[in-house]
Amino acid sequence: MIEFKNVSKTFPDGTHAVRDFNLVLPSRKTTVFVGSSGCGKTTLLRMINRMVEPTAGSIEIDGEDISTRSAVALRRSIGYVMQNSGLLPHLTVEDNIATVPVLQGAKKRDARTRARELMHTVGLDESMARRYPNQLSGGQQQRVGVARGLAADPNILLMDEPFGAVDPIVRTELQQELIRLQDEVDKTIVFVTHDIDEAFLLGDQVVILEVGAQKAQVGSPSEIIESPATDFVATFIGADRGKRALHLKETPTGTVVVDSEGRTQGAIIDKPTETHQADGGAG
């Protein structure tokens, strides 16, 4: 479990990126920080692995203040996936994935074996193991980035807009892969995005942020869709334009929940009484 306690961050130029932020991020669930550019969501994420240090307040992991731990050791114990993958161009795919285990003292042979296992986990063919990043597509690079984030088997995986730089088709594939992966590996995932549809699809807990990392609303996708807390939230999620008006649609494979634009917003359901479970698309 991750807990923010009265956390603030002011940068040297005077920017108040985060103001008195408090939140519990439940273990083995996906929490998504979503908001416009500059709202402080990435700053919050990077404070969890101490890439950014808070100006005030504390962050605890399982009750332990992370400021008491070595920043290097902390970072090596937490998976981190960033936009554009951040792969090392001079290393092969398997060596990119094996980087953190090797730094932690694993034998290179064992780390490479683990890397190839993870390639299979994230949907990459083992034949790509000896390729370099510039020989991969953008989607393949992002999959390598996810595998690298999982290589040390961390309890926590931080994902900073990891799918923002790929085309829509690949992005959809990667989102579905992450949903499948979370069912398999059961990590505590903290995900940052500016895309509310992505937030609703992936998040168990969604945190909608305003400037200064002020919480506009925290809840499950269904809770937010059904009851926007403020006019800001209603506008942000598109409820004020009818975008989130949901209804049932019969398809050859069953009943689905769709929005006003005809896009599926949830899994196929068996009975209308279960509609609320699918509204947010996180099921």
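Under our numbering, think of the first position of the sequence shown as 43, with each following residue one higher. Each residue gets a CB set at the ideal place from its N, CA and C atoms; glycine is no exception.
Check                                                                                                                                                      : Outcome
Taking Cβ to Cβ, would you say G77 is nearer than 9 Å to A207?                                                                                             : no
Tell me the DSSP secondary structure of Q259 in three-state form.                                                                                          : strand
If you compare alpha carbons, which of F278, E219, L216 and K229 is closest to H236?                                                                       : F278
Ordered along the chain, which non-local residues of its own chain (more than five positions away) have a Cβ less than 6 Å from that of D62?               : N48 and S50
Quick one, are the C-beta atoms of V186 and L129 less than 9 Å apart?                                                                                      : yes
Who are the Cβ neighbours of A194 in its own chain at under 8 Å, not counting the five residues just before and after it?                                  : R118, S119, G121, V142, P143 and Q146
Measure the alpha-carbon distance for G99 versus E203 and round it to whole angstroms.                                                                     : 25 Å
When we look at the beta-carbon of E95 and count the other beta-carbons within 10 Å, is it buried (16 or more) or exposed?                                 : exposed
Rounded to whole angstroms, what is the Cα-Cα separation between V275 and I250?                                                                            : 7 Å
Here's the rule: buried if 16 or more other CB atoms are within 10 angstroms of the residue's CB, otherwise exposed. What is N91?                          : buried
Considering only C-alpha positions, which residue in the set K150, A281, G261 and V232 is nearest to L86?                                                  : V232
Given this structure, state the Cα-to-Cα distance separating V260 from G180, to the nearest angstrom.                                                      : 32 Å
What's the gap between the Cα of T134 and the Cα of K150?                                                                                                  : 13 Å
Any chance you could list the alpha helix (DSSP H) runs of at least 4 consecutive residues sitting entirely within the stretch 49-104, in chain order?     : 83-90
Could you tell me the alpha carbon to alpha carbon distance between V227 and L166, rounded to whole angstroms?                                             : 17 Å
Classify T230: buried if its beta carbon has 16 or more other beta carbons within 10 angstroms, exposed otherwise.                                         : buried
Using three-state DSSP, classify T293 as helix, strand or coil.                                                                                            : strand
Between E45 and the rest of its own chain, which residues show a CB-CB distance below 6 Å, the 5 nearest in sequence each way excluded?                    : V66 and E102
So, with DSSP's three-state summary, where would you put V188?                                                                                             : helix
For V234 versus L192, is the C-beta spacing smaller than 9 Å?                                                                                              : no
Cβ atoms of V253 and S262: under 9 Å apart, would you say?                                                                                                 : no
Suppose the cutoff is 8 Å on Cβ atoms and the five residues either side in sequence are ignored; what does the same chain contact list for R158 look like? : E136, E168 and A171
Using only the alpha-carbon positions, how far apart do L200 and D239 sit?                                                                                 : 19 Å
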